[in-house]
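Participant: I'd like to ask some things about the structure below.
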Ligand SMILES: [Zn+2]
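Residue numbers (UniProt numbering), protein chains in the order written: chain R, 1 to 387; chain F, 1 to 128.
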């Protein structure tokens, strides 16, 4: 079985670029990835691309070939839609393809154009990740669904808004040196607590922003890397995917994410690691409570202890297992279809030693957690330095 | 989707709730689910029967939404809750109470209401 190497990575700035098309965003990210990889575009055999709301945001379906063309690649291309987990899902299939020997060079990534929709339009578009009949028609928004999970978590495990505020404060600190981040400014616990309510108990600063952006990676087989003398020390050594019932009310647990538990277990077994090996993680903190649930599913902390992890410094840049050193979705931004791929871009920089926080991690095994909806979909990847 | 197009199963369920005939779908193994279904989502059983929904349910969790989608622009702020009726949970609008008075464990019953913004039907929960 071939090993999957990360040959190159690319990222646009995340933030508000309302007049830039999705195709232009992805073209920029892919161009950076090819430049970083030193791989010829003509060697690409498949394109696997994630996007969530292209039909609503740009009146554009069938984005696979469009994005391959924008990237200057002539290869079969498929667009993956799995809500906020779209691009990690796309990457997972490229990993499988390389491992199976079906392809040696894959362009993967994702993009989303959102800010031109405005808050109401983006809220409406994001809500379609929920069950239209049984949730959206009942008034459930994306923040509303996580508000329901936060109330359930406080009820079952304790904790409160101030604990969640520390997650947001931490992620803003982590993003201070991230030049691609939407926000490079510190916020205080008071700022979070006093911000306008969005879906109580969650406020504006518990929520990731609405963002435009794209991410891309060039993945290659280890044989290709060797033949072409590529410097590609980072490998994707584990991949796992979990699923759950669509509507939150149909889940066994309202304050847990079994799909993430399953994705992590599969990815860890695949990479032959345990949670103790994890030196750092990029997790899907679309809302502060989501980071709490994610680190519990990844086994970074025990069940019920995720709420205190940021406050106690366990997941801060100085802590034993830093989480979201990029700033996470909260501060880096969340262009939905790009997010899962952007996590792998950040982790590759972290492991290769040219991330502002590369010195903060103790070990060379890191994980990415990308979740869709209220975690009815989840993909976890393990990245390691192998050479 | 046009407002005058029905969603069979879902709208039938709201009709039943309006007529005090609320039900859930029960498979032979006792799993509960909400329509439309051809098979049980838990075990795949194709033998589903309409079983009366217990009248009283318990509020499991809630949120107060201040930033709505356009379809709920005139409704916000509103309280959304998930209510456990035993065999199934249902999501809907918590009625009549101020957010300060609401906490998990509250006993409620389901009803059908209309949104202020569009007049579309949705599930409401009244304290009992
Ligand atoms: Zn069943």
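Note that the Cβ used here is the ideal one computed from N, Cα and C, for glycine as well.
Is residue 141 of chain F near ligand 1, with its Cβ less than 8 Å from a heavy atom?
Facilitator: This structure gives no information on residue 141 of chain F, because the portion of chain F shown stretches from 1 to 128.
Participant: Comparing the C-beta of residue 147 of chain R with each C-beta of chain F, is any distance below 9 Å?
Facilitator: Interface residue, yes.
Participant: Counting only beta-carbon atoms, is residue 155 of chain R nearer than 9 Å to chain F?
Facilitator: So yes, residue 155 of chain R belongs to the interface.
Participant: Determine the extent of the beta strand (DSSP E) in which residue 266 of chain R is found, giving its start and end residues.
Facilitator: Counting along the chain, residue 266 of chain R falls outside any beta strand (DSSP E), though it belongs to the alpha helix (DSSP H) covering 258-271.
Participant: Let me know if residue 5 of chain F comes out buried or exposed under the rule of 16 or more other beta-carbons within 10 Å of its beta-carbon.
Facilitator: With fewer than 16 Cβ atoms within 10 Å of its Cβ, residue 5 of chain F is classed as exposed.
Participant: Give the interface partners of residue 124 of chain R over in chain F, defined as CB-CB distance under 8 Å, in chain order.
Facilitator: Result: 69, 70 and 71.
Participant: Can you tell me whether residue 45 of chain F sits near ligand 1, meaning its C-beta is under 8 Å from at least one heavy atom of the ligand?
Facilitator: Checking the Cβ of residue 45 of chain F against ligand 1 gives yes.
Participant: When the cut-off is 9 Å and only beta carbons count, does residue 30 of chain F lie next to chain R?
Facilitator: No, residue 30 of chain F lies away from the interface with chain R (no Cβ there is under 9 Å from its Cβ).
Participant: Quick one: which chain F residues come within Cβ less than 8 Å of residue 115 of chain R?
Facilitator: Those within 8 Å of residue 115 of chain R in chain F number zero; the least Cβ separation is about 16 Å.
Participant: Shorter than 9 Å from the beta carbon of residue 33 of chain F to some beta carbon of chain R?
Facilitator: Answer yes: the Cβ-Cβ gap between residue 33 of chain F and chain R drops below 9 Å somewhere.
Participant: Looking at chain F, is there any beta carbon in it that lies within less than 9 Å of the beta carbon of residue 27 of chain R?
Facilitator: Judged by the 9 Å Cβ criterion, residue 27 of chain R is not in contact with chain F.
Participant: When you compare only the Cα positions, how much space is there between residue 19 of chain R and residue 244 of chain R?
Facilitator: Each residue's alpha carbon lies about 36 Å from the other.
Participant: May I ask which residues mark the beginning and end of the beta strand (DSSP E) holding residue 21 of chain F?
Facilitator: Note, residue 21 of chain F: premise wrong, no beta strand (DSSP E); not H, not E.
Participant: Is there a Cβ from chain F that is less than 9 Å from the Cβ of residue 202 of chain R?
Facilitator: It does; some Cβ of chain F falls within 9 Å.
Participant: Could you give the residue range of the alpha helix (DSSP H) that holds residue 343 of chain R?
Facilitator: Start and end: 336-352.
Participant: Suppose you measure from the CA of residue 32 of chain R to the CA of residue 337 of chain R; what does that come to, to the nearest Å?
Facilitator: Their backbone Cα atoms lie some 18 Å apart in a straight line.
Participant: Taking the alpha carbon of residue 268 of chain R as the reference point, which residue from R:381, R:48 and R:15 has its own alpha carbon closest?
Facilitator: Considering only alpha carbons, the answer is R:381.
Participant: If you measure between the beta carbons of residue 366 of chain R and residue 290 of chain R, is that distance less than 9 Å?
Facilitator: No, these two residues do not count as a Cβ contact at 9 Å.
Participant: What are the uninterrupted segments assigned as beta strand (DSSP E) that are 3 or more residues long and contained completely in the segment 170-213 of chain R, given in chain order?
Facilitator: If we require 3 residues or more, the beta strand (DSSP E) runs fully inside the segment 170-213 of chain R come out as 197-200.
Participant: Name the one or two DSSP bridge partners that residue 324 of chain R has.
Facilitator: According to DSSP, residue 324 of chain R bridges with nothing at all.
Participant: By Cβ distance, which residues of its chain are closer than 7 Å to residue 87 of chain F, with the 5 residues on each side in sequence left out?
Facilitator: If we look at residue 87 of chain F and ignore the five residues flanking it on each side, its Cβ neighbours are 24, 26 and 32.
Participant: Could you name the residues of the same chain whose beta carbon sits closer than 7 Å to that of residue 304 of chain R, not counting the 5 residues immediately before and after it, in chain order?
Facilitator: Result list for residue 304 of chain R: 157, in chain order.
Participant: Which whole-angstrom value describes the C-beta separation of residue 9 of chain F and residue 36 of chain F, a residue pair presumed to lie in contact below a C-beta threshold of 8 Å?
Facilitator: Right, their Cβ atoms sit about 3 Å apart.
Participant: State yes or no: is the beta carbon of residue 97 of chain F nearer than 9 Å to at least one beta carbon in chain R?
Facilitator: Not one chain R Cβ lies under 9 Å of residue 97 of chain F.
Participant: Between the Cα of residue 58 of chain R and those of R:46, R:47, R:45 and R:23, spot the shortest distance and give me the residue it belongs to.
Facilitator: Nearest option by C-alpha distance: R:23.
Participant: So which residues on chain R does residue 122 of chain F lean against when the C-beta distance must stay under 9 Å?
Facilitator: Within chain R, the residues near residue 122 of chain F are 137, 138 and 139.
Participant: Could you compute how far the alpha carbon of residue 191 of chain R sits from the alpha carbon of residue 82 of chain F?
Facilitator: When rounded, the distance between both Cα atoms is 30 Å.
Participant: Among R:39, R:88 and R:210, which residue has its Cα nearest to the Cα of residue 72 of chain R?
Facilitator: The shortest Cα separation from residue 72 of chain R among R:39, R:88 and R:210 belongs to R:39.
Participant: Please list, in chain order, all residues of the same chain as residue 152 of chain R whose beta carbon is under 7 Å from its beta carbon, the five residues on each side excluded.
Facilitator: Closer than 7 Å at Cβ, skipping near neighbours: 254 and 255.
Participant: Taking just the CA atoms, how far does residue 47 of chain F sit from residue 231 of chain R?
Facilitator: Whole-angstrom Cα-Cα distance: 58 Å.
Participant: Who are the neighbours of residue 130 of chain F on chain R, taking C-beta pairs under 9 Å?
Facilitator: Residue 130 of chain F is absent from the structure shown; chain F starts at 1 and stops at 128.
Participant: Pairs of beta-carbons, one from the segment 300-318 of chain R and one from the segment 163-170 of chain R, closer than 8 Å: are there three or more?
Facilitator: In short, these stretches touch, since the Cβ pair count reaches three.
Participant: Given a limit of 7 Å on CB to CB distance, which residues of the segment 222-246 of chain R reach chain F?
Facilitator: Against chain F - using a Cβ distance shorter than 7 Å - the residues of the segment 222-246 of chain R are 245.
Participant: Just how far apart, CA to CA, sit residue 11 of chain R and residue 64 of chain F?
Facilitator: Taking the straight line joining both Cα atoms gives about 36 Å.
Participant: Is the number of C-beta pairs between the segment 217-226 of chain R and the segment 295-303 of chain R that are closer than 8 Å three or more?
Facilitator: No, the segment 217-226 of chain R is not in contact with the segment 295-303 of chain R.
Participant: Under 6 Å Cβ to Cβ from residue 85 of chain F, same chain only, skipping five residues before and after it: list those, please.
Facilitator: Excluding positions up to five away in sequence, the list reads 53, 54 and 57.
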